[in-house]
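These protein sequence lines are chains E and G, in that order. Residues 135 to 421 (this note's numbering) are what the first sequence spells out, left to right. Residues 135 to 421 (this note's numbering) are what the second sequence spells out, left to right.
Protein chains: 2
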Amino acid sequence: MSTSTETSTETHAVVTNEFDRDTAVTLREPGVYDADLSAGWTIIHAVNGGYLLALLGRALGHHLPHPDPFTISAHYLTPSVPGPAVIRTETVRTGRTLSTGQASLFQYAEDGTEVERIRVLASYGDLDALPDDVRTSATPPAMAPIENCFGASDGPTPQIPGSSAITERLDIRLDPACVGWAIGAPSGKGEMRAWFGLADGREPDALSLLLTVDALPPTSFELGLKGWTPTVELTTHVRCRPAPGPLRVSITTRNLAGGFLEEDAEVWDSADRLVAQSRQLARAPRG
Amino acid sequence: MSTSTETSTETHAVVTNEFDRDTAVTLREPGVYDADLSAGWTIIHAVNGGYLLALLGRALGHHLPHPDPFTISAHYLTPSVPGPAVIRTETVRTGRTLSTGQASLFQYAEDGTEVERIRVLASYGDLDALPDDVRTSATPPAMAPIENCFGASDGPTPQIPGSSAITERLDIRLDPACVGWAIGAPSGKGEMRAWFGLADGREPDALSLLLTVDALPPTSFELGLKGWTPTVELTTHVRCRPAPGPLRVSITTRNLAGGFLEEDAEVWDSADRLVAQSRQLARAPRG
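Set out below in structure tokens:
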């Protein structure tokens with residue numbers, strides 16, 4: 135029946151973009167959500183940390199009385215793998231304009247016991263309730279026009295070594311000044327800049343920004359280091375609901391020392407607003 | 135007896151500097167620490183958020199197998215007041231080089247129930263175990279020599295309005311470029327820079343850096359805003375054990391928007407090393 139099929143399609147359309155489909159969570163009981171970590175968001179074998187943060191962020195946004203993550207701090211404990219997971223949330227405090235919650239994502243050991251992967255503390259609010267005042271001295275990153283930037287399928291292919299399923303989910307166009315690493319000529323600067331979108335055209339929102347801040351190649355590549363940069367802790371501030379259209383992401387590392395480095399990310403929307411700021415502490419690659 | 139008195143003095147000397155005395159915690163049972171929030175670290179009536187963080191940091195450093203906070207994220211829930219408090223800690227994960235813990239500071243309502251003030255998630259390590267590699271592009275903040283900077287007792291008195299006991303605990307010398315607010319002529323820039331020490335000469339360490347990142351007047355003063363800037367969340371990375379001597383602290387706000395602002399702090403030691411980085415999300419003053 136044609137009508138029935140259309141209705142079914144419409145119903146599914148809400149969740150058939152890749153991001154919303156793969157960050158869906160199912161309420162098991164109050165505060166407890168089942169999830170399935172998709173193999174589609176992996177870098178080599180590791181599940182992307184921003185994707186995981188978005189899953190936790192979605193569960194907290196459902197559990198808390200406020201919808202949007204204003205500040206969310208994640209400590210990464212053990213490596214996640216594709217497959218089933220459970221997210222346990224807790225309301226820490228509720229207030230008029232902000233509420234604070236905690237959430238942990240667990241996966242299952244072979245004997246069925248839960249192994250904690252990530253723990254987050256977050257304060258949520260309502261971005262639509264904020265006043266319009268903007269007094270910022272921040273300016274968008276200097277970035278080449280998107281048509282001059284390099285995507286995964288372009289000339290000097292800036293791909294993360296190994297097979298990375300996540301590259302098919304994302305439309306990342308790296309600024310030409312930050313692709314030297316892909317041809318063996320890293321700039322030596324701790325900078326990575328790119329235009330960012332979801333490959334299927336799903337527009338950005340507060341939740342997808344949690345993915346965006348941790349989706350670019352690591353700055354360590356442009357510092358001439360190869361190998362993995364595992365996140366210890368990642369804190370993201372969502373400052374404004376993003377307008378539709380491509381985002382600009384700028385990531386900077388200033389201090390690589392003692393085997394650790396920080397990555398500061400800024401995300402700007404198509405209306406030239408600073409929509410998210412994040413900082414992470416990561417282990418530096420040995421290479 | 136002279137010898138006995140000397141011994142007693144020596145014993146007390148370990149805890150008679152103001153910072154260690156006032157951030158002391160007493161083990162009540164495994165994971166639970168009693169504390170007393172000192173009125174000596176208040177700004178008007180509010181207990182300083184960095185002082186509170188140091189208390190939580192001390193309890194976690196005792197509870198976890200690693201001594202030093204590498205990254206500690208604090209969400210501030212309700213205003214603390216001078217008086218008794220209890221800190222409850224939890225080991226989240228222990229690893230070879232890092233361990234992760236959680237802690238909450240509670241105070242007591244009139245009926246004796248515990249009210250949570252702050253909750254933190256933190257990953258601890260051992261700063262002495264880090265390699266010496268430093269590849270940083272960060273440079274110390276441009277700062278006037280300490281003798282040209284302004285302390286609480288100097289000419290154009292840069293004091294926080296109201297009676298602030300904490301000013302007697304700290305030796306803060308503000309850069310002349312950042313004291314306009316004190317004479318009604320704020321620079322309009324979201325910048326605050328100062329030399330920092332503890333007034334009684336207690337040298338900096340990893341724990342006292344948790345105080346240092348939140349001890350300067352808020353950048354909002356130089357943006358021409360008066361009133362309070364309550365912290366929602368503060369994350370601090372301790373990157374290096376500080377050398378003895380005065381610290382330099384630089385705090386920057388780039389984005390004041392929607393009633394919130396971020397404050398990014400950097401702390402440099404006398405050996406020109408970047409010893410701590412922090413970022414907080416705070417509510418902007420209305421004024």
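Positions of the beta carbon are idealized from the N, C-alpha and C atoms, including for glycine. It should be emphasised that the depicted structure is a prediction, and the values quoted were computed from it without experimental measurement.
If the criterion is Cβ atoms closer than 8 Å, does the pair G/A328 and G/I300 meet it?
In this structure, G/I300 does not lie closer than 8 Å to G/A328 by Cβ.
Tell me, please, whether the CB atom of G/A237 is closer than 8 Å to any CB atom in chain E?
No, its Cβ sits nowhere closer than 8 Å to a Cβ of chain E.
Going by C-alpha to C-alpha distance, which of G/E325, G/A319 and G/G318 sits closest to G/D309?
For the residues G/E325, G/A319 and G/G318, the minimum Cα distance to G/D309 belongs to G/E325.
Just checking: is the beta-carbon of E/D267 within a distance shorter than 8 Å of some beta-carbon in chain G?
Chain G contact via Cβ: present.
Whose Cβ in chain G lies nearer than 8 Å to the Cβ of E/R327?
Neighbours of E/R327 on chain G: none; closest Cβ ~16 Å, over 8 Å.
Among the residues of its own chain, which have a CB less than 7 Å from the CB of G/T273, if the five just before and after it don't count?
Closer than 7 Å at Cβ, skipping near neighbours: no residue.
Closest by CA to G/L194, which one among G/S384, G/F240 and G/V254?
Of G/S384, G/F240 and G/V254, the residue nearest in Cα terms is G/V254.
Is the CB-CB distance between G/V372 and G/V409 below 8 Å?
Result yes, Cβ atoms of G/V372 and G/V409 sit closer than 8 Å.
Since E/C374 meets chain G, which of its residues come closer than 7 Å, beta carbon to beta carbon?
A391 and G392, listed in chain order.
Could you check what DSSP says for E/A208 in three-state terms: helix, strand or coil?
Correct three-state label for E/A208: strand.
Apart from the five residues on each side of it in sequence, which residues of its chain come closer than 6 Å, Cβ to Cβ, to E/L232?
Within the same chain, E/L232 has close Cβ partners S257 and G259.
Less than 8 Å between CB atoms is the rule here; does E/H209 satisfy it with respect to chain G?
Judged by the 8 Å Cβ criterion, E/H209 is in contact with chain G.
Whose Cβ in chain E lies nearer than 9 Å to the Cβ of G/Q241?
Residues of chain E passing the Cβ test: none, with the nearest at roughly 14 Å.
Spatial neighbours of E/A122 within its chain, please: CB distance less than 6 Å, with the 5 preceding and 5 following residues excluded, ordered by chain position.
Here chain E comprises residues numbered 135 to 421, so residue 122 of chain E is not present and cannot be evaluated.
Which residues in chain E sit within 8 Å of G/V366, going by Cβ to Cβ distance?
Per Cβ cutoff of 8 Å: F204, T205, L232 and S257.
So, with DSSP's three-state summary, where would you put E/T157?
Coil.
Classify E/V149: buried if its beta carbon has 16 or more other beta carbons within 10 angstroms, exposed otherwise.
That one is exposed.
Just the Cα atoms here: how many angstroms apart are G/R407 and E/E248?
If you take the alpha carbons of G/R407 and E/E248, they lie about 41 Å apart.
Among G/P352, G/S404, G/V347 and G/D339, which one has its Cα closest to the Cα of G/D202?
The shortest Cα separation from G/D202 among G/P352, G/S404, G/V347 and G/D339 belongs to G/D339.
Step through the CB atoms of chain G and report whether any lies within less than 8 Å of the CB of E/A219.
So no, E/A219 is outside the interface.
I'd like to know whether the C-beta atoms of G/E404 and G/G379 end up nearer to each other than 8 Å.
Here the sequence assigns Ser to residue 404 of chain G, which means Glu is not the residue at that position. Taking 8 Å as the Cβ cut-off, G/S404 and G/G379 qualify as a contacting pair.
For the beta strand (DSSP E) that contains G/T228, what are its first and last residues?
Its beta strand (DSSP E) spans residues G217 to T228.
DSSP three-state call for E/N282: helix, strand or coil?
Looking at E/N282 - three-state DSSP - the assignment turns out to be helix.
So what's G/P275 in DSSP terms, helix, strand or just coil?
Correct three-state label for G/P275: coil.
Under a Cβ-count criterion, where at least 16 other Cβ atoms within 10 Å of its own Cβ denotes burial, should E/P351 be classed as buried or exposed?
Buried is the call here.
How about G/H371: is its C-beta nearer than 8 Å to some C-beta of chain E?
Yes - at least one Cβ of chain E is within 8 Å of the one on G/H371.
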